[in-house]
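Undergrad: According to this note's numbering, the residues represented by the sequence shown are 0 to 400, in order. Glycine included, each C-beta is placed from N, C-alpha and C at the ideal position. Attaching a single structure in structure tokens format; questions to follow.
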Amino acid sequence: MSDWPWYLLIAFYGSCVGSFLNVVIYRLPEGKSIVTPPSACPHCGKTLRMWENIPVLAWFFLGGKCARCKTPISFQYPAIELLTGLLFLACPLVYFHTDMQMPFAEVGINGSWPILIVHLMLIAALVAATMIDIRHYIIPLGIPYVIIALALVVYPVAAHMGVDFRHVVELPHGGGVRIALGGLIGLILANVLLRVGVLPYSFADEQQWLESIQKEQQEQGAIGNVPSATSQPVASDDGHHHTPIDIYLQYPHTRREMAKESLFLAIPLACMIAGYFLLPLAGQVEGMYWLRALAGVILGYISGGAVIWITRILGSYAFGKEAMGLGDVHLLAAIGAVLGPIDPLYVFFLAPFFGLLAALISFGVARIYKGQARVIPYGPYLAGATLVIMFAGKFFEHIIG
Ligand SMILES: [Zn+2]
């Protein structure tokens with residue numbers, strides 16, 4: 000295999016990306032810049048020398064301690080670097096050297112490398128989203144946004160440059176393109192209506208409610224038992240709310256808020272139907288590969304986002320407690336933007352099995368928290384299921400098909 004030098008380079012590049020993900024994982028939820036300042040010991044503030052930034056190896060050379068103050072450095076740093084490096088290595092190996100490749104990879108790496116790069120970036124995003132969701136019960140929306148933007152730009156450009164897209168997103172024909180463009184118009188319209196105040200933001204009064212019950216409980220002298228809203232830093236890069244702690248499950252107006260979210264979601268769904276019947280596009284889109292690739296990204300985005308959001312609305316309405324976060328909605332939307340409209344459905348049905356597995360493993364831990372309603376981060380299960388679909392999707396197609 001003459002490609003080995005390339006694969007070693009991809010693995011090294013992956014571990015460097017992992018090093019960057021460590022910065023993202025620690026700083027993004029705190030609302031800090033991920034660009035400056037350079038990495039430093041959190042204890043004594045010593046800036047890392049050049050060689051101490053070498054992924055994985057530097058940690059072992061340093062013996063897992065800061066060179067100056069000898070404070071232990073978390074094993075999570077080299078672990079994330081190693082994991083990302085291995086996943087980056089596994090992706091082209093599976094795609095181009097096994098029977099389990101994604102359909103687009105059938106044309107080989109020379110004909111499909113722009114798509115591979117987007118897939119690698121999705122893997123990096125899944126690692127970051129998983130770690131942040133486990134630590135903070137949130138998925139900063141910046142992570143899925145970057146991936147969605149990447150797919151929106153790279154796929155149409157690659158299709159225009161001649162990359163074979165037939166199998167990536169099942170290039171939609173005239174009707175599919177009209178549905179996708181209708182959905183895009185609807186999404187823009189719904190967001191504009193939200194910004195100008197015609198549509199209400201959901202959970203707009205939640206913070207106010209939280210403060211009022213905390214004040215109430217403080218007055219009753221039960222301070223020690225109340226999870227403080229400020230004890231865990233919560234990033235919110237767009238004004239959407241997040242659910243970092245269990246106390247949010249006690250919010251009393253969840254059903255009312257779901258009506259607001261249904262109203263928002265109804266606009267793009269209605270526009271998809273309207274687009275199919277009203278947009279004046281038919282045969283002429285057949286030769287416009289960039290437009291069809293763009294439509295595939297949009298349909299994947301809508302498919303992934305809608306399946307979680309509808310589940311969230313139905314689940315929250317049924318139980319009166321918030322089910323799944325908007326971070327999960329955006330994460331599966333990003334997965335759909337990259338993998339097309341069908342794979343997010345596989346991911347959605349596979350993810351609960353990961354949840355079940357995790358629940359069995361953590362059974363001993365769960366008993367410590369008995370009697371408490373636990374907020375379960377769903378992002379890690381979506382991420383795990385996505386990797387299975389990316390690396391072994393054909394296996395499931397054989398079972399189902
Ligand atoms: Zn130090």
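In the region 3-32, which residue ranges form an unbroken alpha helix (DSSP H) of at least 4 residues, counting only runs that do not cross its ends?
TA: Whole alpha helix (DSSP H) segments, 4+ residues: 3-26.
Undergrad: Considering only the alpha carbon of each residue, which of G295, E215, Y316, P41 lies closest to P171?
TA: Taking the sequence shown and counting its residues from 1, one reaches residue 171 at position 172. Taking only the C-alpha atoms, the option nearest P171 is G295.
Undergrad: Could you pull out every residue in the same chain whose Cβ sits closer than 7 Å to the Cβ of L119, ignoring the five residues on either side in sequence?
TA: Counted from its first residue, the sequence shown places residue 119 at position 120. Closer than 7 Å at the Cβ level, and outside the excluded window around L119, lie F87, C90.
Undergrad: Run the Cβ filter for me: residues under 6 Å from any heavy atom of ligand 1, listed in the order they occur in the chain.
TA: Those residues, listed in chain order, are C40, H42, C43, K45, C65, R67, C68, T70.
Undergrad: Looking at C-beta atoms only, is the number of pairs between the region 316-328 and the region 181-189 that lie closer than 8 Å three or more?
TA: Cβ pair count under 8 Å is below three, so no.
Undergrad: Go ahead and label L140 buried or exposed: buried means 16 or more other beta carbons lie within 10 angstroms of its beta carbon, across all protein chains shown.
TA: Within the sequence shown, numbered from 1, the residue matching residue 140 stands at position 141. Looking at its Cβ environment, which holds 16 or more other Cβ atoms inside 10 Å, L140 is buried.
Undergrad: Distance check for F202 and H241, CA to CA, integer angstroms please.
TA: Here residue 241 refers to the residue found at position 242 when the sequence shown is read from its first residue. Here residue 202 refers to the residue found at position 203 when the sequence shown is read from its first residue. The predicted model places H241 with a pLDDT of 43, which falls under 50 and marks its position as unreliable; any figure quoted below should be read in that light. So the alpha carbons of these two residues sit roughly 10 Å apart.
Undergrad: Please report the distance separating the alpha-carbon of P54 from that of L27.
TA: Stepping through the sequence shown from its first residue, residue 54 is reached at position 55. Stepping through the sequence shown from its first residue, residue 27 is reached at position 28. If I take the Cα positions, the gap works out to 20 Å.
Undergrad: Suppose you measure from the CA of G370 to the CA of L248; what does that come to, to the nearest Å?
TA: Your numbering for residue 370 matches position 371 in the sequence shown. Your numbering for residue 248 matches position 249 in the sequence shown. In this prediction, G370 has a pLDDT of 44, which is less than 50 and means its spatial position is unreliable; nothing more can be read from the coordinates.
Undergrad: Quick one: residues in its chain with C-beta nearer than 7 Å to the C-beta of W208, no 5 flanking neighbours on either side, listed in chain order?
TA: On the sequence shown, residue 208 is found 209 positions in, with the first residue counted as 1. Cβ within range, chain order: Y250.
Undergrad: Just to confirm the assignment, what range does the alpha helix (DSSP H) spanning M323 have?
TA: As a first step, residue 323 is located in the sequence shown; it is residue number 324 there, counting from the start. Note, M323: premise wrong, no alpha helix (DSSP H); not H, not E.
Undergrad: Let me confirm a value: N351 is counted as buried when at least 16 other C-beta atoms fall within 10 Å, else exposed. Which label applies?
TA: Within the sequence shown, numbered from 1, the residue matching residue 351 stands at position 352. The residue you asked about is not Asn; residue 351 is Pro in the sequence shown. Flag for P351 reads exposed.
Undergrad: Closest by CA to Q75, which one among V145, R134, P4, I114?
TA: Taking the first residue of the sequence shown as position 1, residue 75 is located at position 76. Checked all of V145, R134, P4, I114; the closest Cα to Q75 is R134.
Undergrad: Counting only runs of 4+ residues fully inside the region 276-325, write out the alpha helix (DSSP H) ranges in chain order.
TA: Runs found: 288-318.
Undergrad: Whole alpha helix (DSSP H) runs in the region 80-163 with 4 or more residues, listed along the chain?
TA: Counting whole runs of 4 or more residues, the region 80-163 contains the alpha helix (DSSP H) stretches 108-135, 141-159.
Undergrad: Taking the CB atoms as reference points, tell me whether T83 and I122 lie closer together than 9 Å.
TA: Translated into the one-based positions of the sequence shown, residue 83 becomes position 84. Translated into the one-based positions of the sequence shown, residue 122 becomes position 123. Cβ distance < 9 Å, so T83 and I122 count as in contact.
Undergrad: Return yes when the Cβ of V156 is within less than 9 Å of the Cβ of P113, no when it is not.
TA: In the sequence shown, the residue the question calls residue 113 occupies position 114. In the sequence shown, the residue the question calls residue 156 occupies position 157. Yes, Cβ-Cβ distance for P113 and V156 is below 9 Å.
Undergrad: Thinking C-beta only, is Y300 closer than 9 Å to G456?
TA: Residue numbering for the chain in the displayed model covers 0 to 400; residue 456 lies beyond these limits and cannot be assessed.
Undergrad: DSSP has K64 in a bridge; who is on the other side?
TA: As a working mapping, residue 64 is identified with position 65 in the sequence shown. K64 is bridged to P71.
Undergrad: Run through DSSP, which three-state label would T385 get?
TA: Working through the sequence shown from its first residue, we reach residue 385 at position 386. Three-state result, T385: helix.
Undergrad: Would you decide whether P232 is buried or exposed? Buried here means 16 or more other CB atoms lie within 10 Å of its CB.
TA: Within the sequence shown, residue 232 is the residue found at index 233, counting from 1. The pLDDT assigned to P232 is 42, lower than 50, so where the model puts this residue is not dependable, and the model offers no usable value.
Undergrad: Would you give the residue range spanned by the alpha helix (DSSP H) that K214 belongs to?
TA: Within the sequence shown, numbered from 1, the residue matching residue 214 stands at position 215. K214 -> alpha helix (DSSP H) spans 205-218.
Undergrad: Leaving out five residues before and five after P37 in sequence, what residues of the same chain have Cβ atoms less than 6 Å from its Cβ?
TA: As a first step, residue 37 is located in the sequence shown; it is residue number 38 there, counting from the start. Within the same chain, P37 has close Cβ partners T46.
Undergrad: Pull up the CB-CB distance for G303 and P343, whole angstroms please, since I reckon it's below 8 Å.
TA: Stepping through the sequence shown from its first residue, residue 303 is reached at position 304. Stepping through the sequence shown from its first residue, residue 343 is reached at position 344. The Cβ separation is near 4 Å, so the contact holds.
Undergrad: By DSSP, does T46 sit in helix, in strand, or in coil?
TA: The count along the sequence shown starts at 1 and reaches residue 46 at position 47. Here T46 sits in strand by DSSP.
Undergrad: Could you check if L331 is buried or exposed, using at least 16 other CB atoms within 10 Å of its CB as the buried criterion?
TA: As a working note, residue 331 is residue 332 in the sequence shown. With 16 or more Cβ atoms within 10 Å of its Cβ, L331 is classed as buried.
Undergrad: Between which two residues does the alpha helix (DSSP H) carrying V55 extend?
TA: Locating residue 55 in the sequence shown gives position 56, where the first residue counts as 1. Neither: V55 is in no alpha helix (DSSP H) and is coded neither H nor E.
Undergrad: Starting from A179, trace the alpha helix (DSSP H) in both directions and tell me its first and last residue.
TA: Within the sequence shown, residue 179 is the residue found at index 180, counting from 1. Residues 173-194.
Undergrad: Using a Cβ-Cβ cut-off of 6 Å (strictly less than) and excluding sequence neighbours within five positions of T70, which residues of its own chain qualify?
TA: The residue labelled residue 70 in the question sits at position 71 within the sequence shown. Closer than 6 Å at the Cβ level, and outside the excluded window around T70, lie H42.
Undergrad: Closest by CA to A150, which one among I138, V337, L85?
TA: Along the sequence shown, read from residue 1 onward, the residue named residue 150 stands at position 151. Selected option, being the one with the closest Cα: V337.
Undergrad: May I ask you to report which of helix, strand or coil DSSP gives T242?
TA: Your numbering for residue 242 matches position 243 in the sequence shown. Summary for T242: the model assigns pLDDT 42, below 50, so the residue's position carries little reliability, and this model does not support an answer.
Undergrad: Look at the Cβ atom of V145, then the Cβ atom of G17, and state whether they are nearer than 9 Å.
TA: Counted from its first residue, the sequence shown places residue 145 at position 146. Counted from its first residue, the sequence shown places residue 17 at position 18. No. Outside cutoff.
Undergrad: So, for E404: in the same chain, excluding its five sequence neighbours on each side, which residues have a beta-carbon less than 7 Å away from its beta-carbon?
TA: Lying outside 0 to 400, the shown extent of the chain, residue 404 is not represented and no answer is given.
Undergrad: Within 10 angstroms of the Cβ of C270, are there 16 or more other Cβ atoms? Answer buried if so, exposed if not.
TA: Counting from 1 along the sequence shown, the entry for residue 270 is found at position 271. That one is buried.
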